[in-house]
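A short write-up of the structure that comes next.
Number of protein chains: 2
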Amino acid sequence: MERPHQSLGTVSIIGVGLIGGSLASALRDSGRVDTIIGCGRSAANLDYALDLGLLDHWTHDPEEAASAGDIVMLATPISAVIGLMPLMEQALRPSAVLTDVSSVKRSVTLAARSSLERRFPRFVPGHPVAGSEKSGASAAKADLFQNHWVILSPLAETDEDAVDLVTDMWVAAGARTRLMEEALHDQVLGMISHLPHVVAYALMPLLGTQTARDDCMTLAAGGFYDISRIASSDPVMWRDILLHNGPVVRDLIAKYQGMLGELDRLIESADGPRLESWFANARELRNAIQELRPSRKSDFE
Amino acid sequence: MERPHQSLGTVSIIGVGLIGGSLASALRDSGRVDTIIGCGRSAANLDYALDLGLLDHWTHDPEEAASAGDIVMLATPISAVIGLMPLMEQALRPSAVLTDVSSVKRSVTLAARSSLERRFPRFVPGHPVAGSEKSGASAAKADLFQNHWVILSPLAETDEDAVDLVTDMWVAAGARTRLMEEALHDQVLGMISHLPHVVAYALMPLLGTQTARDDCMTLAAGGFYDISRIASSDPVMWRDILLHNGPVVRDLIAKYQGMLGELDRLIESADGPRLESWFANARELRNAIQELRPSRKSDFE
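So the protein lines, in turn, are chains U and V.
Per our numbering, numbering of the first sequence is gapless, rising by one per residue and ending at 700.
Per our numbering, numbering of the second sequence is gapless, rising by one per residue and ending at 700.
Structural data, given as structure tokens:
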């Protein structure tokens with residue numbers, strides 16, 4: 400529920416990377432926050448964000464950041480989100496709200512259930528479906544979330560006012576929110592995001608082994624270049640995503656292998672008509688997707 | 400060898416689609432051609448090109464177009480290129496030059512050897528590594544080839560003056576040419592273009608079968624959207640490419656499936672360090688490719 404004129408208070412962002420930095424930037428521009436505190440390991444990165452005006456101050460200490468926030472945002476790779484949970488239980492003020500931006504929900508919520516006892520109802524699992532292959536506060540953009548979806552996956556135990564506050568924050572950042580059950584989130588994101596990254600990562604080493612590698616690299620065009628951009632995403636973030644959505648991703652890989660096998664058989668049997676209709680269907684599906692999206696050229700903008 | 404002030408004469412373009420239309424447009428802008436004749440099956444498409452000034456006139460009859468050209472460009476899907484070869488043998492004037500833009504070279508050259516007897520030395524196999532997922536003369540762009548590579552794969556029998564003329568034509572269109580042996584061409588393009596299209600095409604039907612398809616389609620982001628653009632390429636053109644480079648593509652599919660299997664095993668065994676280094680290597684490779692390319696955001700521009 401929007402309360403357009405009420406301040407969001409102090410927002411503490413732990414992990415001031417592309418997402419955390421962009422959120423800081425968007426919230427700053429919204430004029431809806433009093434104070435933005437950053438927390439992370441790289442002083443250089445945090446100073447950069449401070450100099451840009453994204454932060455009011457920063458700390459290396461997550462406990463300090465968490466205890467000061469009305470909203471505490473965990474925007475680190477998933478392994479760190481999970482690692483920080485016990486500290487959050489200790490540091491969060493009773494009225495504070497905890498949220499995250501992890502690309503996998505079940506795994507994080509499971510860890511949160513274990514680690515947060517009193518504070519579990521204050522945790523609002525979230526995931527902005529936005530971003531680019533770039534990393535760090537230097538890549539932060541105030542409009543990163545503009546017109547993008549943020550998925551919120553509250554549990555039965557989650558406080559309603561906590562959900563409202565996190566919704567309000569994302570609306571202030573220019574996004575639109577929607578609720579999605581956590582298992583469904585992981586399945587959907589597995590399909591539209593995690594599998595495509597596996598697909599891209601699997602392609603890259605082939606270029607390295609390919610004869611005439613230099614020819615390939617100079618010419619890299621015709622689809623390879625576009626797919627390879629996806630594979631330049633942050634290695635640590637994606638290591639964690641694929642590990643934490645393992646069963647879903649592996650199931651999708653198996654299905655995808657099946658599709659490759661079918662295409663291979665059609666090529667082997669020189670089945671022109673079936674290949675043509677496969678490709679025509681793909682084109683139709685692409686057109687249908689385009690019609691449903693706000694006018695955007697790429698995921699990565 | 401460039402002869403910057405000599406007219407290219409009459410250029411006949413059979414197949415006035417994205418590539419043929421863009422070539423017409425680029426050559427028109429260059430001021431280096433006297434006459435551009437179009438040939439194809441769709442009167443609407445040809446009229447469109449005529450109205451845009453890309454063509455001086457058009458015909459449905461490939462024999463008429465071929466007999467009039469100093470340069471005869473075959474820019475249809477590969478199956479039509481091969482089907483037209485016997486007609487080319489009959490229609491081409493002795494001094495005329497025949498060339499193509501097919502994404503597969505060995506298969507086309509093999510067919511040319513069979514069909515063109517006297518005219519085989521006049522045939523210069525070519526392939527501009529440029530384009531987009533769009534189709535038709537309405538997608539034609541005068542700068543499509545600007546700073547792009549055009550691969551020429553002349554044979555031992557190919558006349559040198561024919562190669563020079565085709566080179567000159569592509570330079571006039573804004574491109575740069577390079578020679579590449581035909582089998583190497585098919586291997587390289589298999590890796591950087593054909594396999595990526597297979598990879599994209601294999602992904603698409605999974606969205607159709609995916610539970611919560613509507614959720615997927617609305618959110619389609621995070622990599623899926625970008626990859627799906629590749630899969631909206633022209634179905635007939637790609638049917639022909641994959642069929643005509645079948646052995647190379649199937650070998651690459653097998654290798655690619657091996658990579659997917661390795662990634663799957665790493666996820667299964669939760670091997671974080673190996674996943675992270677795989678992804679870090681992918682990022683490095685992407686950066687290296689970017690440094691070698693003229694400043695372009697995408698293959699498809």
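From the three backbone atoms N, C-alpha and C, an ideal C-beta is built for every residue, glycine too.
Everything numeric in this text was worked out from a predicted model, so none of it was measured.
Can you have a look at residue i and say buried or exposed, based on whether 16 or more other CB atoms are within 10 angstroms of its CB?
| i | result |
| --- | --- |
| glycine 525/U | buried |
| serine 668/U | exposed |
| glutamine 586/U | buried |
| serine 411/U | buried |
| alanine 599/V | buried |
| asparagine 686/U | exposed |
| histidine 456/V | exposed |
| glutamate 700/V | Residue confidence is low: glutamate 700/V scores 39 on pLDDT, short of 50, so the model does not pin down where it sits. Its coordinate-derived value is still stated next. Flag for glutamate 700/V reads exposed. |
| serine 627/U | buried |
| leucine 376/U | Residue 376/U lies beyond the residue range present for chain U, which begins at 400 and ends at 700; the question has no answer from this structure. |
| proline 485/V | exposed |
| serine 406/V | exposed |
| threonine 608/U | exposed |
| leucine 578/V | exposed |
| proline 476/U | buried |
| proline 672/U | exposed |
| asparagine 546/V | exposed |
| arginine 517/U | exposed |
| glutamate 559/U | exposed |
| proline 595/U | buried |
| glutamate 683/V | exposed |
| aspartate 433/U | exposed |
| arginine 521/U | buried |
| aspartate 663/V | buried |
| alanine 443/U | exposed |
Since residue i is in the beta strand (DSSP E), which residue starts that stretch and which ends it?
| i | result |
| --- | --- |
| arginine 527/V | According to the sequence shown, residue 527/V is proline rather than arginine. Run containing proline 527/V: 525–527, per the beta strand (DSSP E) assignment. |
| leucine 497/U | 496–499 |
| serine 411/U | 408–413 |
| valine 503/U | No beta strand (DSSP E) contains valine 503/U, which DSSP labels as neither H nor E. |
| methionine 472/V | 470–473 |
If I follow the unbroken alpha helix (DSSP H) through residue i, where does it start and stop?
| i | result |
| --- | --- |
| isoleucine 640/U | 634–643 |
| leucine 486/U | 477–490 |
| leucine 551/U | It is not in any alpha helix (DSSP H) - leucine 551/U instead sits in the beta strand (DSSP E) that spans 548–551. |
| aspartate 542/U | No alpha helix (DSSP H) contains aspartate 542/U, which DSSP labels as neither H nor E. |
| glutamate 675/U | 671–691 |
| arginine 427/U | 417–429 |
| histidine 593/U | Per DSSP, histidine 593/U belongs to no alpha helix (DSSP H) and is neither H nor E. |
| leucine 564/V | 559–571 |
| leucine 554/U | Neither: leucine 554/U is in no alpha helix (DSSP H) and is coded neither H nor E. |
| leucine 445/U | 442–450 |
| arginine 517/V | It is not in any alpha helix (DSSP H) - arginine 517/V carries neither H nor E in the DSSP assignment. |
| alanine 630/U | No alpha helix (DSSP H) contains alanine 630/U, which DSSP labels as neither H nor E. |
| leucine 465/V | Looking at the sequence itself, residue 465/V is alanine, so the reference to leucine does not match. Start and end: 461–467. |
Starting from residue i, follow its DSSP beta bridges and name the residues at the other end.
| i | result |
| --- | --- |
| histidine 456/V | Ile436/V |
| threonine 576/U | Val549/U |
| phenylalanine 522/V | Leu497/V |
Legend entry - Contact set between the region 438–455 of chain U and chain V, restricted to residues whose Cβ is under 8 Å from the partner: none
Inset, instruction - Identify each residue in the region 546–561 of chain V for which the Cβ-Cβ distance to at least one residue of chain U is less than 7 Å, and report them in chain order. - result: Trp548
Inset, instruction - Could you list the residues in the region 658–677 of chain V with a C-beta less than 7 Å from some C-beta on chain U, going in chain order? - result: Met658, Leu659, Leu662, Asp663, Ile666, Glu667, Ala669, Gly671, Leu674, Glu675, Trp677
Legend entry - Inter-stretch contact (C-beta, 8 Å, three-pair minimum) for the region 626–635 of chain U and the region 634–646 of chain V: no
Legend entry - Any 3 or more C-beta pairs closer than 8 Å across the region 539–549 of chain V and the region 479–498 of chain V: no
Inset, instruction - Check distances from the C-beta atoms of the region 618–637 of chain V to those of chain U and list, in chain order, the residues that come in under 7 Å. - result: Leu618, Ala619, Ala620, Gly621, Gly622, Phe623, Tyr624, Asp625, Ile626, Ser627, Arg628, Ile629, Ala630, Ser631, Pro634, Val635, Trp637
Legend entry - Residues within the region 520–543 of chain U neighbouring chain V, beta-carbon criterion of under 9 Å: Val528, Ala529, Gly530, Glu532
Legend entry - Stretch pair the region 545–556 of chain V + the region 571–590 of chain U: three plus CB contacts closer than 8 Å: no
Inset, instruction - With 7 Å as the C-beta to C-beta threshold (strictly closer), list the residues of the region 405–426 of chain V near chain U in chain order. - result: none
Legend entry - Contact between the region 526–537 of chain V and the region 411–427 of chain V (3+ Cβ pairs under 8 Å): yes
Legend entry - Residues of the region 590–611 of chain V with Cβ closer than 9 Å to any Cβ of chain U, in chain order: Met590, Ile591, Ser592, His593, Leu594, Pro595, His596, Val597, Val598, Ala599, Tyr600, Ala601, Leu602, Met603, Pro604, Leu605, Leu606, Gly607, Thr608, Gln609, Thr610, Ala611
Inset, instruction - Flag this pair as touching only if the region 434–452 of chain V and the region 496–505 of chain V have three or more C-beta atom pairs under 8 Å; answer yes or no. - result: no
Legend entry - Interface residues of the region 568–582 of chain U facing chain V [CB-CB below 8 Å]: Met579
Inset, instruction - Give, in chain order, every residue of the region 640–652 of chain V whose Cβ lies closer than 8 Å to some Cβ of chain U. - result: Leu641, Leu642, Gly645, Val648, Arg649, Leu651, Ile652
Legend entry - Selection of the region 471–483 of chain U by Cβ proximity to chain V, strictly under 9 Å: Ser478
Inset, instruction - Pull out every residue of the region 498–515 of chain V whose Cβ sits closer than 7 Å to any Cβ of chain U, in chain order. - result: none
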